[in-house]
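What follows is one structure encoded as structure tokens, with my remarks underneath.
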Amino acid sequence: MSTSDSKSPRRFVADSVLEIPKSGIRDFFDIVKTMDDAISLGVGEPGFQTPWHIRDHAIYSLERGATGYTSNRGLAELREAIADYVEQTFRASYDPAEEILVTTGVSEGLDLAIRAITNPGDEILFHEPSYVSYLPVIRMALGTPVAIATGADTKFKLNHEMLAARRTSRTKALLLSYPNNPTGATLSRSELAGIADFAIQNDLLVISDEIYAELTYEDRHISIASFPGMKERTLLLHGFSKAWAMTGFRIGYCCGPPQLIEAMMTIHQYTMLCAPTLSQLAARESLKRPEVDVETMRSQYRLNRNYVCRAFEEMGLPCVLPSGAFYAFPQVKHLGMNSREFSLALLRQERTAVVPGDAFGRSGEGFIRCSFATDLNEIKIAMERIRRFVSRLAD
Amino acid sequence: MEELLGILRTNARERPETIAKMLNLSVAEVERQIEDYERRGIIRGYRAIIDEEKTQSSRVTALIEVKVTPAREDGFDHIARRVSEFPEVQTVYLLSGTFDLLLLVVGETLKEVASFVSAKLAPLEGVTSTCSHFLLKTYKLHGLVMEPRDEYKRLKVSP
């Protein structure tokens, strides 16, 4: 620490926070926001607005004066609707009274789950590339994050062998996230069965972030919670942000065994008290006709995905076809730049923003994340700019 | 192939090259399919969606409710076809409810539309009454909001 640092208010910050590396997305965002005319494929949220009937119901709820707290667990009628929905779509049944907790987005649910189960030094396995919060959240809970690299060679899928290679006597849980941000990978029934077997054989808890569950393009999503012997060792995290385009509502939920939900509740009641009431009411409304709302967006995402992947193919960037979520994750390694240099040069020369793959973990190096949850006209321009940029590099 | 129609419903000028990428087809396949739709009369035409308020045009549009006496043999078809022949009439719908036909009529002036109703439409055999509604402002047309509000903008980069 330098002399000037010893006077800086930074001296009050806890070591555990100082140790967390700066987000690879935040510094990139700082550059992009200075460019008004940049086209962005860097957005991790839907390009659609929340369906009108949901927004309308939120407005109506405000007019009615729904501005108080709810119970810590969340509105009973919302938990009942969640139980019905989860049973229908995930084939796992949960008791709304004891096995469901409504959270402020999956982000809070994840934090609660990790904090509720982690003793200092407990190892938590997760696969990379992955969502940016997994490693920091585990660290802040004083757990030991164990990243398992997945690559394009296995289509970014985790398997039994990779898990076995990293398991130790301290391994407590596996954090699973398919459909995956940033790779778009999904797992089939047999691939999931291999992971479920591993969890059961090694007595691990599985924390499954299934926020993109509705957004799959070939096969329907299968939840690991639906496998025999898994419900009692799974915390299923889900929410409304992606499929219903409700990111700003900050509303999600966790389903799991009553003892674990109770442990999460213990933290939730003293830190969050309850998820925002207005958002809970909006979420209740969104479960009234999920097929209609979600299908409209999913079919547009699928067309956008096809467009983007074909365009990458034509410009010679290898890209595993994403079968879920709304991201393509093409490889740029062979162009002689790392993913950060590539993304910065693309931004400066062609005013097009993508997210460098290393923001999602070391194994994301050599790739870029391109969101196709955006207007097709913008996608077309962005893909033409990327093509131009890549052809200059290749010359 | 319904998906192709869906894309054209949203934007009839989407280029075959783009559609081919979206549907994982060749450009030739897309072109062939569109021609087939046109030949079979599934696609009947292509029009621009124009915000008339932004043009110099002072054209007048009216929605006209028409009550008719259905004919013995072919119900509403005969009268609806006759009404459709008038070039002033842009659209003709048969509806359930308190009246039978709904017409969208366009003219250069209010007088022109009024005289169409009184001189041509009302006297037609079978027409028992009409009720004209002149269009004052278009808020939404063919799924497009004409005066979009200042929309909330997403962050340009987020995890």
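Top to bottom, those sequences are chains A and B. In terms of the working numbering, the first sequence opens at residue 1 and continues consecutively. In terms of the working numbering, the second sequence opens at residue 1 and continues consecutively. Note that CB positions come from ideal geometry on N, CA and C, so glycine has one too. Since we're looking at a predicted model, the values are computed, not measured.
What residue range does the beta strand (DSSP E) around residue i cover?
{"i": "Glu123/A", "result": "123-128"}
{"i": "Leu101/A", "result": "100-103"}
Starting from residue i, trace the alpha helix (DSSP H) both ways and give me its first and last residue.
{"i": "Val106/B", "result": "From DSSP, Val106/B is part of no alpha helix (DSSP H) but of the beta strand (DSSP E) over 101-107."}
{"i": "Thr89/A", "result": "76-90"}
{"i": "Ser16/A", "result": "15-18"}
{"i": "Ile31/A", "result": "26-32"}
{"i": "Tyr46/B", "result": "Counting along the chain, Tyr46/B falls outside any alpha helix (DSSP H), and DSSP gives it neither H nor E."}
{"i": "Thr18/B", "result": "16-23"}
{"i": "His160/A", "result": "160-166"}
{"i": "Glu31/B", "result": "27-39"}
{"i": "Leu8/B", "result": "2-10"}
{"i": "Lys380/A", "result": "376-394"}
{"i": "Gln56/B", "result": "Unbroken run through Gln56/B: none, as it is neither H nor E."}
{"i": "Leu135/A", "result": "134-140"}
{"i": "Arg189/A", "result": "189-201"}
{"i": "Arg55/A", "result": "52-63"}
Check the C-beta distance from residue i over to residue j and give it rounded, since I have them as a contact under 8 Å.
{"i": "Tyr212/A", "j": "Ile100/A", "result": "Tyr212/A to Ile100/A, Cβ: 20 Å. No contact."}
{"i": "Phe342/A", "j": "Arg369/A", "result": "Not confirmed; about 12 Å, so no contact."}
{"i": "Leu94/B", "j": "Leu104/B", "result": "No, Leu94/B and Leu104/B are not in contact; Cβ-Cβ is about 14 Å, not under 8 Å."}
{"i": "Ile117/A", "j": "Ala173/A", "result": "6 Å"}
{"i": "Gly42/A", "j": "Ser391/A", "result": "The Cβ separation is near 22 Å, so there is no contact."}
{"i": "Leu176/A", "j": "Ile224/A", "result": "6 Å"}
{"i": "His268/A", "j": "Asn72/A", "result": "6 Å"}
{"i": "Ile79/B", "j": "Thr130/B", "result": "Actually they do not touch by this definition, with Cβ atoms about 12 Å apart."}
{"i": "Glu38/B", "j": "Leu23/B", "result": "No, Glu38/B and Leu23/B are not in contact; Cβ-Cβ is about 18 Å, not under 8 Å."}
{"i": "Ala113/A", "j": "Ile207/A", "result": "5 Å"}
{"i": "Val106/B", "j": "Glu85/B", "result": "Not really, about 15 Å apart at Cβ, beyond 8 Å."}
{"i": "Val113/B", "j": "Ala62/B", "result": "5 Å"}
{"i": "Leu110/B", "j": "Val60/B", "result": "5 Å"}
{"i": "Gly229/A", "j": "Ile195/A", "result": "Contact doesn't hold; Cβ gap of about 12 Å is too wide."}
{"i": "Ala282/A", "j": "Met246/A", "result": "7 Å"}
{"i": "Gly105/A", "j": "Asp122/A", "result": "Not really, about 24 Å apart at Cβ, beyond 8 Å."}
{"i": "Ser323/A", "j": "Glu218/A", "result": "5 Å"}
{"i": "Lys156/B", "j": "Lys33/A", "result": "6 Å"}
{"i": "Ile379/A", "j": "Asn304/A", "result": "6 Å"}
{"i": "Phe28/A", "j": "Val355/A", "result": "7 Å"}
{"i": "Pro145/A", "j": "Leu135/A", "result": "5 Å"}
Can you tell me which residues form a DSSP beta bridge with residue i?
{"i": "Val66/B", "result": "Leu101/B, Thr130/B"}
{"i": "Thr61/B", "result": "Val106/B"}
{"i": "Ile207/A", "result": "Leu175/A, Leu235/A"}
{"i": "Tyr93/B", "result": "Leu102/B"}
{"i": "Gly42/A", "result": "Val157/B"}
{"i": "Ile148/A", "result": "His127/A"}
{"i": "Gly75/B", "result": "Ala71/B"}
{"i": "Leu144/B", "result": "Leu141/B"}
{"i": "Thr154/A", "result": "Partner(s): none; Thr154/A has no beta bridge."}
{"i": "Thr296/A", "result": "Paired residues: none, contrary to the question."}
{"i": "Thr216/A", "result": "Gly324/A"}
- Query: In chain order, what residues of the stretch 169-192 of chain A put their CB closer than 7 Å to some CB of chain B?
  - Reply: none
- If you measure beta-carbon to beta-carbon, which residues of the stretch 221-236 of chain A are closer than 9 Å to chain B? Those residues of the stretch 221-236 of chain A placed with their C-beta closer than 9 Å to a C-beta in chain B do not exist.
- Item | Within the stretch 310-371 of chain A, ranges of the alpha helix (DSSP H) (whole runs, at least 4 residues) | 339-350
- Query: Which residues, taken in chain order from the stretch 20-46 of chain A, show a beta carbon closer than 7 Å to some beta carbon of chain B?
  - Reply: Ile25, Phe28, Phe29, Val32, Lys33, Ala38, Ser40, Gly42, Val43, Gly44, Glu45
- Scan the stretch 248-283 of chain A and note each continuous alpha helix (DSSP H) run of 4 residues or more that stays entirely inside, going in chain order. 258-271
- Query: Listed in chain order, which residues of the stretch 116-141 of chain A have Cβ atoms closer than 7 Å to some Cβ of chain B?
  - Reply: Tyr131, Val132
- Message: Under 9 Å, CB to CB, which of the residues in the stretch 52-65 of chain A have a partner in chain B?
- Response: none
- Query: What residues in the stretch 298-330 of chain A have a beta carbon less than 7 Å from any beta carbon of chain B?
  - Reply: Leu303, Asn306, Tyr307, Arg310, Ala311
- Task: May I ask you to list, following chain order, the residues of the stretch 375-388 of chain A that have a beta carbon less than 7 Å from some beta carbon of chain B?
- Result: Lys380
- Message: What are the residues in the stretch 345-373 of chain A lying within 8 Å of chain B by C-beta distance?
- Response: Ala353, Val355, Ala359
- Note down, in chain order, all residues in the stretch 129-159 of chain B with a beta-carbon under 9 Å from any beta-carbon belonging to chain A. Along the stretch 129-159 of chain B, the positions whose C-beta sits under 9 Å from a C-beta of chain A are Glu151, Tyr152, Arg154, Leu155, Lys156, Val157, Ser158, Pro159, read in chain order.
- Using a Cβ-Cβ cut-off of less than 8 Å, give me the residues of the stretch 23-57 of chain B that come near chain A, in sequence order. Leu23, Asn24
- Residues of the stretch 97-126 of chain B with a CB closer than 9 Å to any CB of chain A: list them in chain order, please. Result list empty, no residue passes.
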